[in-house]
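Reading through the structure tokens given below for one structure.
Numbering (our numbering), first residue to last: 1460 to 1734.
Structural data, given as structure tokens:
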């Protein structure tokens, strides 16, 4: 299987810079992946992404044979080689015979424009759920979203019990009575941004309720926001026909401000000097 979502000509295969045209990923074996945002040349929240990749591989029966230091050096070498300071990189781990392979490349990336952080986004609802929510594997969920991709920014997934668990490419939080609601860890892909937002809420003294929201009751909540590697903390203005004044919600604003402060602090303290 060829790489089709790349945005640059080269990638890193087990630490060696090669042309993406040279890489072929076997379709007969599962591919586990992780996406990390590069900001000012820094792999944002790298340590958390490493742990999630390690966990995904273990759940898939694989082992992460690369140390954090080695993986980070692969990423930084590619960043330096391509001279790309602000983009996402995708890490794919797969088996080629008995050998573990890791391919890293700059993948297709879309960041919300600043206007959406001021206005909020419109979401749809979709009756679907991830097979194994804590594993990032390539799957066919995206095929279910193609019909409505031009109508909604994102879709919230509803499981068989009628509960909202997460977005198709994001995690979701609801706000009500000064409390924050989000699905339990075992029902979602435990996003790195999600975990950081939870830490922000705890730092701000905001109660967090880990419970999936009944899709028929979302109108009872005051506000809603999404989190994700590319999204950061993004306000929701509408879910189907239900309107949320999230952008003017003080609790959302405080969470967003705290998150952005942590991002800035991480980038400044992990700045890498490129020659």
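Note that beta-carbon positions come from the ideal geometry of N, C-alpha and C, so glycine has one too.
Computed from a predicted structure; not experimentally measured.
Can you tell me the Cα-Cα spacing of residue 1686 and residue 1561, whole angstroms?
26 Å
From what residue to what residue does the alpha helix (DSSP H) around residue 1700 run?
Counting along the chain, residue 1700 falls outside any alpha helix (DSSP H), and DSSP gives it neither H nor E.
Where residue 1545 falls: helix, strand or coil (DSSP):
coil
Which of the three DSSP states is assigned to residue 1641 in this structure?
strand
Output the residue ranges of the beta strand (DSSP E) runs that lie fully inside the segment 1467–1511 and measure 3 residues or longer, sorted by chain position.
1475–1478, 1491–1498
Quick check: what's the CA-CA separation for residue 1723 versus residue 1637?
26 Å
For residue 1617 and residue 1669, the rounded distance between their alpha carbons:
16 Å
How many whole angstroms separate the CB atoms of residue 1564 and residue 1549, which I take to be in contact at a CB cut-off of 8 Å?
6 Å
Beta-carbon gap between residue 1651 and residue 1504 smaller than 8 Å
yes
I'd like the ranges of any beta strand (DSSP E) spanning at least 3 consecutive residues and lying wholly in the segment 1616–1661.
1622–1626, 1630–1635, 1638–1641
Spatially closest choice to residue 1660 from 1647, 1649, 1718, by CA coordinates:
1718
Per DSSP, residue 1581 is paired with what?
1697
Taking only the alpha-carbon atoms, compute the straight-line gap between residue 1594 and residue 1708 and give it to the nearest angstrom.
At residue 1594 the pLDDT is 48, less than 50, meaning the model places this residue with poor confidence; the figure from the coordinates comes in the next sentence. Using only the alpha carbons, I get a separation of about 33 Å.
Please work out which residues of its chain come closer than 7 Å, Cβ to Cβ, to residue 1533, disregarding the five sequence neighbours upstream and downstream, and give them in chain order.
1471, 1474, 1563
Can you grab the Cα-Cα spacing for the pair residue 1513 / residue 1525, in whole Å?
10 Å
Can you give me the C-alpha to C-alpha distance between residue 1547 and residue 1620, rounded to a whole angstrom?
34 Å
Under the rule that 16 or more other beta-carbon atoms within 10 Å means buried, what is residue 1551, buried or exposed?
buried
Below 8 Å on the Cβ atoms is my contact criterion, and I expect residue 1726 with residue 1528 to pass it. Report the Cβ-Cβ distance as a whole number of Å.
That pair is no contact at about 19 Å.
Excluding sequence positions up to five away, which residues of its chain have a Cβ less than 7 Å from the Cβ of residue 1628?
1613, 1687
Does the Cβ-Cβ distance between residue 1696 and residue 1578 come in under 8 Å?
yes
Reference residue 1679; option with closest CA among 1698, 1544, 1493:
1698
Cα-Cα separation, residue 1640 to residue 1502:
28 Å
Within 10 angstroms of the Cβ of residue 1649, are there 16 or more other Cβ atoms? Answer buried if so, exposed if not.
buried
Cα-Cα separation between residue 1662 and residue 1643, rounded to whole angstroms
19 Å
Cβ shell of residue 1654 (< 8 Å), same chain only, five flanking positions each side left out:
1507
Pick helix, strand or coil for residue 1681, following the three-state DSSP scheme.
coil
For residue 1537, which residues from the same chain have a beta carbon less than 8 Å from its beta carbon, with the 5 sequence-adjacent residues on both sides left out?
1469, 1470, 1471, 1476, 1548, 1563, 1564, 1565
According to the neighbour-count rule (16 or more other Cβ atoms, all chains shown, within 10 Å of its Cβ), is residue 1486 buried or exposed?
exposed
Based on the DSSP output, what are the partners of residue 1559 in its beta bridges?
1554
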